[in-house]
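Student: Quick one: the structure is below, and I'll ask about it shortly.
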Amino acid sequence: DAGITQSPRYKITETGRQVTLMCHQTWSHSYMFWYRQDLGHGLRLIYYSAAADITDKGEVPDGYVVSRSKTENFPLTLESATRSQTSVYFCASSEGSITGEKLFFGSGTQLSVL
Amino acid sequence: AQSVSQHNHHVILSEAASLELGCNYSYGGTVNLFWYVQYPGQHLQLLLKYFSGDPLVKGIKGFEAEFIKSKFSFNLRKPSVQWSDTAEYFCAVNNAGNMLTFGGGTRLMVKP
């Protein structure tokens, strides 16, 4: 059972480059989320999606773009990466409401922007 | 906007010691409360949750948490920790219509 798959697992990029982090889920959950995890800040919501073609901003959306053309995929793009975007990124899905009562998380992508 | 505070950023305990991790939130209305755990090298997983009813909630692996509405708290407890409990623990809160808000996390190290 695959669950949620994130790729790549690790990524190093340079300032100004575009980077796309992939997220794929096999459960057909309606709701999907992107979080970033930073020391001292816990997890902060970047973007979320309630269904295909429906996305909305979370707490820290600046510098990020998402799309959801298919229910199972929810890629996150950094249009022009900055050092402040160095972080661990987690994708999650929920079978419940948009408030995400029970989230299922992927293994994360560790991104370093040099 | 609601916020979640976890007072202890790092906790070091010896095996068999008792554990209590603090969690306080800012929202005054009806809330749903969660504890998630992230073991080294793994993704986050749900430890326990409270929606309503008995304010003492039992979770997996011997963990429990108590919701005290008057104190806006949802502290996590375990009577006797094991080395395998070494992990990072996140408290999370939402209320109707809001996103899940996570605390900053507490890193627990249990010495064998």
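Which chain is which? The protein sequence lines are A and B, in order.
Residue numbers are given in our numbering: position 58 of the first sequence equals residue 160, and the series is strictly consecutive.
Residue numbers are given in our numbering: position 109 of the second sequence equals residue 141, and the series is strictly consecutive.
The C-beta atom is built at its ideal place from N, Cα and C for all residues, glycine as well.
A quick note: this is a predicted structure, and the numbers were derived from the prediction, not measured.
Quick check for students: name the residue ranges of the beta strand (DSSP E) that lie wholly in the stretch 35 to 87 of chain B, counting only runs of 3 or more.
Tutor: 42 to 46, 51 to 53, 63 to 70, 77 to 82
Student: Measuring CB atoms only, is the stretch 86 to 95 of chain B touching the stretch 36 to 47 of chain B, in the sense that at least three cross pairs come out at less than 8 Å?
Tutor: Taking one beta carbon from each stretch, the stretch 86 to 95 of chain B and the stretch 36 to 47 of chain B have fewer than 3 pairs nearer than 8 Å; the two do not touch.
Student: Are the C-beta of Y59 (chain B) and some C-beta of chain A separated by less than 9 Å?
Tutor: Under the 9 Å criterion on CB atoms, Y59 (chain B) is classed as non-interfacial with respect to chain A.
Student: Name, please, each residue of chain A whose Cβ falls closer than 7 Å to the Cβ of L78 (chain B).
Tutor: K204
Student: Taking the alpha-carbon positions, what's the T133 (chain B) to K143 (chain B) distance?
Tutor: 30 Å
Student: F106 (chain B) lies in the beta strand (DSSP E); which residues open and close that run?
Tutor: 105 to 110
Student: Of all the residues that make up the stretch 107 to 122 of chain B, which are near chain A by a beta-carbon distance shorter than 8 Å?
Tutor: F122
Student: Could you tell me the alpha carbon to alpha carbon distance between E181 (chain A) and H75 (chain B), rounded to whole angstroms?
Tutor: 26 Å
Student: Which of the three DSSP states is assigned to W136 (chain A) in this structure?
Tutor: Three-state DSSP puts W136 (chain A) in a strand.
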